[in-house]
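Colleague: Those protein sequences? They're chains A and B, same order as listed. Heads up, the first sequence is in the UniProt record's numbering, so the first residue is 1 and it goes up one at a time. Heads up, the second sequence is in the UniProt record's numbering, so the first residue is 1 and it goes up one at a time.
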Amino acid sequence: MFLQNLVQKAQQFIDPAVLPGPLGNSSNGRPSKAQLFRHQFRLPDSQSPLYEITAELTLPTKKSGNDAKSPSKNWDKSNWDRDRGTHHVGQLHLSEQFLCFSTVQTSFVSTASASASAGFTGRTHGTGPAGNGFTLPLCAVRRVERLHTQSYVFALSITTWNGYDAGTETKPGAPAPPKLTIQLEGSRQQCERFCDGLKRGLRQGIKEVENMRTVAQDCYSEYFLYDEFDAVPATEKADGTARAPPDTGLGTVFKYPGNSRKLRDRSKMRLWHEYLKEHGRNTTLVRQPDFHRLIRVGLPNLLRGEIWELTSGSFYLRLQKPKLYQDTLDKFQGQGSLAIDEIEKDLNRSLPEYAGFQSEEGIGRLRRVLTAYSWTNEEVGYCQAMNIVVAALLIYLSESQAFYVLSILCDRLLPGYYSTTMYGTLLDQRVFESLVEKTMPIIWDHLVKNDVQLSVVSLPWFLSLYINSMPLIFAFRVLDVFFLEGPKVLFQIGLAILRINGEELLDATDDGTFISVLKSYFARLGESAHPKSENPKHRAITNFQALMVVAFKEFDGITQHTISEQRSKHKSAVLESIESFAKRTSIRNLGPESKKLSTNDLGFLYDRFYVVLYERQQRMEMIQAEIDRKAKLAKQRASEIVTGLPTNTPEMGRLALGASQTQMDYDAFREFLAGVAKWAVTDSPSSPMKDFSGGNYFTNTLRNRPINTSPWGNGPEPAEHEFLQRLFKKWDIDGNGALSLQNVVYGLAPIKGNRDIMSSISYFFELYDDDGDGKVDREGVLRISEALLFLSRRGLTGSVSHGPEDIDKVLPSKDEQFLGAVSSFIRRCFEYAEPDKTEVDNAADGVDLLDLGEKDETGHAETDDQSEHPKSPSPSSAGESSILARPSTNTFGQTKSRVVSANAALDPASPVHITLPTFRMLVLADETLESFFDSGFANSFHLADAPLPSNIVTSPAYLGLSHAPPTSGSGLSIPGPIGPTPVGIASGGVVGPGKGLRGVLDNIVTDGMRVAAEVRRRMDEAQRELDRGASTRGTEDDEDDDGEEQAVDLLEGAEANAGATPAKTPAKPSMLLDTPVVGGPRIESNGKARAGSDVEKSTMFER
Amino acid sequence: MADSSAPKPSSSVKLVLLGEAAVGKSSLVLRFVNDDFQPNKEPTIGAAFLTQKCQLPTRTIKFEIWDTAGQERFASLAPMYYRNAQAALVVYDITKESSLVKAKHWVAELQRQASPGIVIALVGNKLDLCEDDEEAAEEESSGASATAAADDEEGEESEAAAESTENNDEGNNSTARKVSLKEAKSYADEENLLFFETSAKSGHNVGEVFTAIANAIPETSLKGRNAGAAAGAGTQAALTGANENSRVNLNAASGDGGPKEGCAC
Ligand SMILES: Nc1nc2c(ncn2[C@@H]2O[C@H](COP(=O)(O)OP(=O)(O)OP(=O)(O)O)[C@@H](O)[C@H]2O)c(=O)[nH]1
Ligand SMILES: [Mg+2]
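1. Below 8 Å on the Cβ atoms is my guess for G70 (chain B) versus A21 (chain B); work out the distance and round it to an integer in Å.
2. If the cut is a Cβ gap below 8 Å, which residues of chain A does K96 (chain B) touch?
3. Could you tell me the alpha carbon to alpha carbon distance between L518 (chain A) and I473 (chain A), rounded to whole angstroms?
4. Do I443 (chain A) and G502 (chain A) come within 7 Å of each other at the CB atom, strictly closer than that value?
5. Determine the DSSP secondary structure at V16 (chain B), reduced to helix, strand or coil.
6. Where T371 (chain A) and L329 (chain A) are concerned, what is the direct C-alpha to C-alpha distance, given to the nearest angstrom?
7. Along the chain, where does the alpha helix (DSSP H) that runs through L276 (chain A) open and close?
8. Using CA coordinates, which residue listed in B:N125, B:I118, B:Q113, B:T58 is at the minimum distance from S580 (chain A)?
9. Applying a beta-carbon distance threshold of less than 9 Å, which residues of chain B neighbour R588 (chain A)?
10. Could you check whether the Cβ of N40 (chain B) sits closer than 7 Å to any Cβ belonging to chain A?
11. What residue does the alpha helix (DSSP H) around R153 (chain A) start on, and which one ends it?
12. With burial defined as no fewer than 16 other Cβ atoms inside 10 Å of the residue's Cβ, what is the status of A674 (chain A): buried or exposed?
13. Could you have a look at Q35 (chain A) and say whether DSSP puts it in helix, strand or coil?
14. Which of the residues in the segment 577–603 of chain A, read from start to end, lie with their CB under 9 Å from any CB of chain B?
15. Using only the heavy atoms of ligand 2, determine whether one of them is closer than 6 Å to the beta carbon of K102 (chain B).
16. Could you tell me if N301 (chain A) is buried or exposed, where buried requires 16 or more neighbouring beta carbons within 10 angstroms of its beta carbon?
17. Hey, how far is the Cα of G416 (chain A) from the Cα of T928 (chain A)?
18. Could you check what DSSP says for P60 (chain A) in three-state terms: helix, strand or coil?
19. CB P43 (chain B) to CB Q384 (chain A), shorter than 7 Å?
20. Rounded to whole angstroms, what is the Cα-Cα separation between I363 (chain A) and L250 (chain A)?
21. Expressed to the nearest angstrom, what Euclidean distance is found between the alpha-carbon atoms of L193 (chain B) and H446 (chain A)?
22. Apply the 10 Å Cβ neighbour rule to G232 (chain B) and answer buried if 16 or more other Cβ atoms are within range, or exposed otherwise.
23. Among the residues of its own chain, which have a CB less than 8 Å from the CB of D511 (chain A), if the five just before and after it don't count?
24. Go ahead and pull the three-state DSSP assignment for S11 (chain B).
25. Use the C-beta contact count for Y466 (chain A): other C-beta atoms within 10 angstroms, 16 or more gives buried, fewer gives exposed.
26. List the DSSP bridge partners of E197 (chain B).
27. Excluding five sequence neighbours on each side, which residues of the same chain lie with their C-beta closer than 6 Å to the C-beta of F514 (chain A)?
28. Can you find a heavy atom of ligand 2 that lies under 6 Å from the Cβ of T44 (chain B)?
29. Is the distance from the Cβ of E56 (chain A) to the Cβ of Q91 (chain A) below 7 Å?
30. Answer yes or no: does any C-beta atom of chain B fall closer than 7 Å to that of C195 (chain A)?
31. Grouping DSSP H, G and I as helix and E and B as strand, with all else coil, what is D480 (chain A)?
32. Among the candidates A:V253, A:V390, A:E565, whose CA atom is the shortest distance from the CA of V369 (chain A)?
33. Have a look at N736 (chain A) and L748 (chain A) and give me their C-alpha separation to the nearest angstrom.
34. Taking 7 Å as the threshold (C-beta atoms), are A496 (chain A) and L413 (chain A) in contact?
35. Nearest-angstrom Cα distance between A833 (chain A) and K729 (chain A)?
36. Any beta carbon from chain A within less than 7 Å of F210 (chain B)'s own beta carbon?
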């Protein structure tokens, strides 16, 4: 009775229009149309809705016998259905590999309204998410005929694959799946288009026929039907080999839970036998109202696995990648992982009460399935509760089947439940709470008043799908419905549990009582719900049956749509709380060195670190999506394009969703620094490049790593400088080319934390002491100087007691002062340098210095320079201020040719070095440098206490740099001793890395400009591409539009019909629950009916 | 129950168990509440809730025990459970070095985030696994202290330290014990924690842990919510009490033996 009501009610409510709100929009985390499509028909992610059309499906009725299968010659629309068979009006959809039909009027084309796409997520009631219909892999189609009928009618007859011999009059073969007759309703053009698409798909499908055969062999239905119907003895296959039943889980060996007599397993099998015989099996199954009813009353043991596979869609995944399971196991054979360690811990702790999991066999299967999945989804890996769920699955499914079901569970049905942050679990708990609040305000208020945490009881329900809360037999019945109707079932059951126990719960004032009330309820699920009733039928109703009724009747308003809506409402709060927790924990666990930084600073670094990773990932995704989009556009019309990026994309990398990245590569590091230090911002942000000659210095470095052309988001564009590379290398203590948060913290801690000039000097020195021998050679000295200028080029606020805010106001004289200091530093370095005793080989020296040189081009640039700016004044005159005035001209290269000094240190033939003590002395000798190392350097990193303004000035505060007129070159006076870089001499015409301080600065500018130009160019290109794409799409849309309009018209027409359908079914006895009325097997509808033998028709496809 | 006639003041204490997966949290609770041990206990999903009374000479403490899941990713659920907790049992497995590192993380988390004044006990479980080499361990102190010392130098929270010692351990796995008594004890002293080594399997020291916690709960913190609940909720409280008792007593009655001297329940 209950079920009957349910079904009736269900059919009244198939009304997509009741669903408000846009669902097709993925920017708010909601599914795209393609996703909705896949969810409705449980298709793999590779499928997208290509074509759809309103259609009428006609199936032969049971009673109609053989003649019903032969459409008569003068078939026409008006007399067809009435006479022969059940008909369903609905939408026919075509994807790359599937033909799907559903009586639920959903539409996934680009122009469909959101509610039309989300229709199936509405009230599903007894009919399940997909309504009546089918999900037919194209490889399972054997033959498609176009029925030639009267003028405007366009009808197809589809013969599907049958694994059996057809049999003969005397030796009946196994039943053939029903022949599907589908009448397309649309304009001639629409119909043709659909059929063309279908033909293409069918041809492709031929390749997968073999796959399908093997995959279907694992289905019990193949064995089940063959067993009874085929003429060949059941124990033998056609080729004479023994026919063994497929693996239907541990249950065959260790017994299925529950008493099969009490579960009426035999009667259920008989009903299913009839259903499968009539409506097809595995690939060819057609969903009719009975299908849903049979599932609601609980699946029989041997078929449970197969139906789970079909309703969850894991079957189609297996069909696509039948070898994935075994291949994964083979590929990772013998490898270890964190997940595997965690799995091992729990193997003996999974359904220990079931005998199969006390055995090596059961444990072995569990281990393999969990391990294989952990490899295919390393982000999830293994989460406790998965062991329990998989153990339960393995009772009914083979290892490989369980593997695919697990994939569907984790990836689709329970998104984020088992992820590393478990955000899905937390989110659904929040959703559940809000549903309780809405539907049972009294209970909710009571919980709040007594400070009872609902999620303490409900979280395990969801996380382990009730498997460790309810006795197994009941948990499996919940699963039966869950796979068919989706995640909303978990909510409905949960709410029903609370509703049923409402009174007792209102008496509970603490968590303990609350929990024990529910525990005892679960223990009584098998008992009568009305033990005292006079009516034996009432008495026979168990608590569990009552629970199902309350869940699906009283809470039928809880739909997938309700859930999605609630999820998006609570999502941000949940994610934020996870993130703040993660931040706290992560900061606390950074290790002792991190204590040198304040908690504020650590928090700041944490944020900055992950923001950079997150934003970069976003950008990558967008670029990737753009590329994919183009590729797709080129290939086909895909509705996904219209609806935008696949759902999760906008949030990929968000920490609470299980950030996939926790390491920063060099570019990310640059971006990171650009947000904390002014000097790390490039001097020439995205402005077009006019002059390429200056970029030489960098072309080399650029070439050495993959050129990253992605824009830098909204943040400032980072600079590129050798100093950054050195810093990165120093911080990368593990030497894996990437920095973790801890690396960054440990890298910064000595700079920001020590605040002691001596350690800061040695930190810097070590940056340049490549081989760690306590010496820095001539080359290194030059590089140190370059770095000092690089760091100071925007002014150093730290050295003076200015606040950090007045970046712009830094007095130029300070910078001049700094330049002067650096100049004299270099001079003194060479004065005090010690000859390098160990190394006397000139050649080696030369080679040493070549590493960054860019020979030819640099040579040219240098000659140009020389011709323009012939000579520098005498080396001894340290005219600091004039350096500033001559930005783009001064290079070491130009001075190198002069023989300058008698200082042996400058003699290229005699390598020299300075040691740390020398370096220290030189620094301390200069007030400006001293101040730099004392605080300036540390202060140039702006953390929490003095953050950089977000829109940092990107043009250098140090104005002289790029704008000063070249004419002021007269005052140019780089200190002489720097000049004669040995490189130039040693390798004639080659300008080494010591090309010059100013050269470097200039190059930074030009190089940055060049990169910027490149970025601009690519962006323009992308934009053009986008425009082009949009216009192409535009035309396609137009084309669709008229088709669509008609479809909508038809759809509206069809709705009236849909309303009429229930009239046909309500009489169906729904009391399977109480009295399994089972008719004997019927012997019609076997493969012999040669439909359309006398109908004029043309075969569209046959194999 | 022994003194159920005596009108001793009774108050409830919220206690939370934290620690790495499979260190034996649920087993400790099971031992304390039911005096039972199950070798293949299912992992805790989310958290489990149980209660048990503990009789002290002057008062009765009813523990409301929140047993949490240990796997790392469940950590974000923990605040939900340690909220308002007055006591915490941070458990590690003395045969597993990494579990102590995790325990230290939890201690730090509690010290910063939980209610101020929370009583924390550090518990090294699975002592039974080390019984054989226990004598050895006693004299071994020379060998063990080397490891411990090394650890101390590298800092308490350094994961690197943990890993390196773990590697060391692989060499000499002749002894099951991987965390020396000394090391854990000195850490506990430093952080002002109660400290025990227990075995949920044998029951060794399990009762003592809970008694010690009960004794350590300051009298003052026993008021507030619990007193209110006991006094204010009238019939409901009574009903609740009855339920609890019947459930607990049923189980406890069977094997109330040696291990729980201090805790007369
Ligand atoms: N030998 C021995 N084994 C123990 C002891 N305590 C627990 N175990 C075993 O360790 C495993 C894990 O115990 P649990 O109590 O489930 O551990 P848990 O800390 O609750 O684990 P999670 O719930 O996953 O966090 C089980 O197989 C127990 O039998 C002990 O004192 N001695
Ligand atoms: Mg546990």
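Note that beta-carbon positions come from the ideal geometry of N, C-alpha and C, so glycine has one too. In this text, all values refer to a predicted model and were calculated from it rather than measured experimentally.
Modeller: Taking the coordinates as given:
1. 3 Å
2. Per Cβ cutoff of 8 Å: no residues; K96 (chain B) is ~10 Å from chain A at best.
3. 18 Å
4. yes
5. strand
6. Distance between the alpha carbons of T371 (chain A) and L329 (chain A) is about 8 Å.
7. 265–279
8. B:Q113
9. H105, A108, E109, R112, E157
10. Yes - at least one Cβ of chain A is within 7 Å of the one on N40 (chain B).
11. Looking at the sequence provided, one finds Val at residue 153 (chain A) rather than Arg. First-last for V153 (chain A): undefined, no H or E at that position.
12. buried
13. DSSP places Q35 (chain A) in helix when its eight states are reduced to three.
14. Residues S577, I578, F581, A582, R584, T585, R588, N589, L590, G591, P592, E593.
15. Taking 6 Å as the cut-off, the C-beta of K102 (chain B) does not count as close to any heavy atom of ligand 2.
16. buried
17. Straight-line Cα distance between these residues: approximately 55 Å.
18. coil
19. yes
20. Straight-line measurement puts the Cα of L250 (chain A) at about 11 Å from the Cα of I363 (chain A).
21. Cα-Cα distance, rounded: 37 Å.
22. Only weak support is given to the placement of G232 (chain B): the predicted model assigns it a pLDDT of 29, under 50, and the question is left unresolved by the model.
23. V452, Q453, V456
24. strand
25. buried
26. B:G124
27. So the qualifying residues of the chain are V452, A508.
28. yes
29. no
30. Output row for C195 (chain A): interface = no.
31. helix
32. A:V390
33. 18 Å
34. no
35. 26 Å
36. Using a Cβ-Cβ cut-off of 7 Å, F210 (chain B) does not count as an interface residue toward chain A, since no Cβ of chain A sits closer than that to its own.
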